[in-house]
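Asks: Here you go, one structure.
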Amino acid sequence: MSDEKAPASESGHYMYGGGLDDGATGQTFYLETFGCQMNDHDSEKVAGVLLARGYRQVDGPEAAKVILYNTCSIREKAAQKVFSRLGELRPVDEQERKWIEEGRLELRSADPKSRATGGAGSEPQSGGVRTRRLQSAGKIIGVLGCVAQQEGEEIFERAPWVSLVCGSASYRKLPQLIAELEAGNRRVTGLDTDTDETFETEITRRDNPWRAYLTIIEGCDKACSYCVVPFTRGPERSRGSASILEEVRRLAEAGYSEVQLLGQTVNSYADPSARKMRFSELLTAVAEVNGIRRVRFTTSHPRDFGKDIVEAIEARQNICDHVHLPVQSGSTAVLRAMARTYSREEYLEKIALMKAARRPISITTDMIVGFPGETEKDFEETLTLLDEVQYDSVFAFKYSPRPNTPSLKMADAIPEEEKGRRLAILMDRQREIQRVQNEKLVGETFEVLVDGKSRRENQWSGHTSSNRVMNFTSPERELLGDYVQVKVVSAMPNSLVGEMLGR
Ligand code: SAM
Ligand code: SF4
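In my numbering, the protein residues as written are 2 to 504.
Below, the structure is given as C-alpha cells:
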C-alpha cells in the first residue's frame, strides 16, 4: 500500500484537493458502477461504508466531494470506459485556463452559474463553448474494482489527479483508506489479493427495496484461460454459513422478500465454519427463513453443479426455478483451450439433470465467440448446443484479449470482423429459439414480483421466478413490491405480456 502526503500542487499544472471535509460541497460522494451484479453489490457495500462515516450520496459527480468509479475489466471496452471518465476530470492546464478566461471553454460544476478554475478539457470547437469537462478542483477521485486491481499504481501515472486506487479484494480496508484520505493523505492504495477474509459491512445501502444481494463467496480459483477475475478478485473466500443466515434473517425482518446469493462461482461455496454446509444445504436453509419468498443464486460453474442443487430446487418452491450456467462454447476443443474443466458432453449431463427435474427449470448461459483458434466447425458446435439446450436467454460476447491471461499468447486470433459475424449469427439463432419458447408460455399463469411501473396508465412490470420479464396490465393503484398472478397473453423473444388475475 502506498501512502503519500498531498503536495499543494504536484506539477504546477494540477490542483489537488486536501482532506475530505473542506470545500463547498461538504462530505458528499458520487459512485458510478460498471460491470456485473457483483460490482453492483460491492458498490452497495462501499456506499454503506461511506454513509456510516457521515457522507451523503449525490446523483452526479458535479455536486460530489468524492467521486468513485467502481470498474470492470472483464472485456477491454469496459476497462476503457473508466479512463474516458477519468479524462473528463483532468484538471486544467495553462492553455485551457486561457480558454476559460477568453470564455471559449466552460466547465460543468456544482454551481451551474460559476465559471470554473479546474477540470478542463481539450480545445473548444470553433467559436463554441465546450462544457464537457468537469470542475474537478478540490475533489477526491477514486478508482475501485477490477481496473484498480489490474492497473494498480499505474493509474496514478495515467491520471495523476486520482487519489484512491483500491481493488475489490482489498475492500475490507476501505474504511481505513478513507480515514487516511480524511486525514489529508494524498494517495492511498489497497491492492493486496492475498486476503483470506470477505468484505462484510455493518451497513449496506441497498438499491432495490425488495431484492437483497448477498455475496457468499468472493474471488475465483478457476483459471479460465481468457479471464481476468482470478487476478482482479483474488482467491476464493467463502463467508460462514451462520453469518449468512443471520443476515438473511435480518433482511427478511427489514422487509426484503427476495435474496440473491452471489459469487463468481457461487456453487463452489465452501463453508469455512465447523458446520461445513454444502451450497445446496445453504440454499435450503436460506429458503426456510421466515418471510423469504424467493431465493436466487448466480453464477454457477458447471464443474461444481450437481444433482443436489436440482433436488433443492425441486423440494422448495421458493428457490427460484432458474439456473445461470455459463458454457462459453459448444466445442470440446475450445472448452479445453479455455481450461473450462468440462467437455460438451459433461456440460450436457448437467443440463440433463435440470431437464429431468419435476419442476421446469429455466436455463440461461454465457458464451464467447471468436476465441483464438475457434474454427468454423467449433462455432457450428456452439450453434448446435443452442438448439440442443434451448436456453431461455444467452449473454454472448466477442472474445476480448485481456492482460496476464494465458489466452493472450494463443495462436490463431480471430479477426474482429469475423467475431462480429459469428456473434450476430449466434444472437439471431438464439432470438428465434426464445421467440418459439416464449410463444409456448401464452395462456400460462405465473407469479410475478412487481418491480416496475410504466408511465403509461395501468402498465406494470416484474419478474417471474424463472427470471422472465413480464409486462402486464392492472388497474390497481399500487403494486410495487407485491407478488401477483399474471396470465400470459402474448410473447416476445425477451419478455412476456400479460394480464393480472389477482394476488
Ligand atoms: N464466473 C462466471 C463464469 O464462470 O461463468 C462469470 C464471470 S464473467 C464476469 C461473465 C462472463 O464474461 C463470462 O461468463 C464470459 O462469458 C465473459 N468473459 C469473461 N472474460 C472474457 C473475455 N476475455 N472476453 C470475452 N468475454 C469474457
Ligand atoms: Fe473467470 Fe472462469 Fe472464474 Fe468465471 S470461473 S470468474 S470465467 S476464471
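All C-beta atoms in this analysis are idealised placements derived from N, C-alpha and C, irrespective of residue type, glycine included. Bear in mind the structure is a predicted one, so any value in this text is a computation, not a measurement.
1) Could you pull the DSSP bridge partners for Gly191 from this structure?
2) Among the residues of its own chain, which have a CB less than 6 angstroms from the CB of Arg76, if the five just before and after it don't count?
3) From the DSSP output, in three-state form, read off Leu90 for me.
4) Could you pull out every residue in the same chain whose Cβ sits closer than 8 angstroms to the Cβ of Ala412, ignoring the five residues on either side in sequence?
5) Report the CB separation of Asp379 from Val335 in whole angstroms; it is logged as a contact under 8 angstroms.
6) Indicate whether Ser281 and Asp305 have their beta-carbon atoms separated by less than 8 angstroms.
7) For Leu192 versus Gly220, is the C-beta spacing smaller than 8 angstroms?
8) May I have the straight-line CA-CA distance separating Lys140 from Ser164, to the nearest angstrom?
9) From the DSSP output, in three-state form, read off Ser344 for me.
10) How would you call Ser85, buried or exposed, if buried means at least 16 neighbouring beta carbons within 10 angstroms?
11) Throw me the rounded Cβ distance for the Ile314 and Arg360 pair, which I believe falls under 8 angstroms.
12) If you measure from each CB to the nearest heavy atom of the ligand SAM and keep those under 6 angstroms, what residues do you get, in chain order?
13) Answer yes if the region 233–246 comes into contact with the region 473–491, meaning at least three C-beta pairs across the two stretches below 8 angstroms, and no otherwise.
14) Assuming Leu179 and Trp162 are in contact, meaning their beta carbons sit under 8 angstroms apart, how far apart are those beta carbons, in whole angstroms?
15) Around the C-beta of Pro92, are 16 or more other C-beta atoms found within 10 angstroms, so that it is buried, or is it exposed?
16) Give the range of the alpha helix (DSSP H) segment to which Asp41 is assigned.
17) Where does Leu481 fall in DSSP's three states?
18) Considering only C-alpha positions, which residue in the set Thr342, Ala243 and Ser394 is nearest to Val324?
19) Using DSSP bridges, identify the partner residues of Thr216.
20) What is the rounded straight-line gap between the Cα of Arg337 and the Cα of Thr376?
21) Please list, in chain order, all residues of the same chain as Ser462 whose beta carbon is under 6 angstroms from its beta carbon, the five residues on each side excluded.
22) Would Lys277 be called buried (16 or more neighbouring beta carbons within 10 Å of its own) or exposed?
23) Give me the Cα-Cα distance between Arg238 and Asn459, rounded to the nearest whole angstrom.
24) Does the Cβ of Lys223 lie closer than 7 angstroms to at least one heavy atom of the ligand SF4?
25) May I ask you to report which of helix, strand or coil DSSP gives Lys488?
26) Between which two residues does the beta strand (DSSP E) harbouring Asp452 extend?
27) Which residue comes first and which comes last in the beta strand (DSSP E) that contains Gly61?
28) Return the first residue and the last residue of the alpha helix (DSSP H) that Lys308 is part of.
29) On a CA-only basis, which of Cys147, Ile68, Ser74 and Gly146 is nearest Ala138? Give me that one, please.
30) Find the nearest neighbour of Ser466 within the set Val390, Ile217 and Ile362, judged by alpha-carbon distance.
31) Helix, strand or coil for Val460 per DSSP?
32) Got a sec? Which residues, its chain only, sit under 6 angstroms from Thr34 by beta carbon, not counting five neighbours each side?
33) On the DSSP bridge assignment, give the partners of Leu69 in chain order.
34) Please classify Glu5: is it buried, with 16 or more other beta-carbons within 10 angstroms of its beta-carbon, or exposed?
35) Runs of 3 residues minimum, wholly inside the region 344–401: which ones carry the beta strand (DSSP E) assignment?
Replies: On the basis of the coordinates in this document:
1) Cys167
2) Ser401
3) coil
4) Pro373 and Gly374
5) 5 angstroms
6) no
7) no
8) 9 angstroms
9) coil
10) exposed
11) 7 angstroms
12) Cys37, Ile75, Arg76, Tyr227, Cys228, Val230, Gln265, Thr266, Thr300, His302, Pro327, Gln329, Asp367, Ile369, Phe398, Tyr400, Ser401 and Arg403
13) no
14) Looking at the sequence shown, residue 179 is not Leu but Ile. So it is not a contact: roughly 18 angstroms between Cβ atoms.
15) buried
16) Gln38 to Ala53
17) coil
18) Ser394
19) Leu263
20) 14 angstroms
21) Gly453 and Asn472
22) exposed
23) 46 angstroms
24) yes
25) strand
26) Thr446 to Lys454
27) First-last for Gly61: undefined, no H or E at that position.
28) Lys308 to Ala316
29) Ile68
30) Ile362
31) According to the sequence provided, residue 460 is Gln. The question's Val does not apply to it. In the structure shown, Gln460 sits in a strand (DSSP, three-state: E or B).
32) Asn40, Asp41, Ser44 and Asn71
33) Leu32 and Gly143
34) Only weak support exists for where Glu5 lies, its pLDDT of 31 falling under 50; the coordinates are left without a value.
35) 363–370 and 394–399
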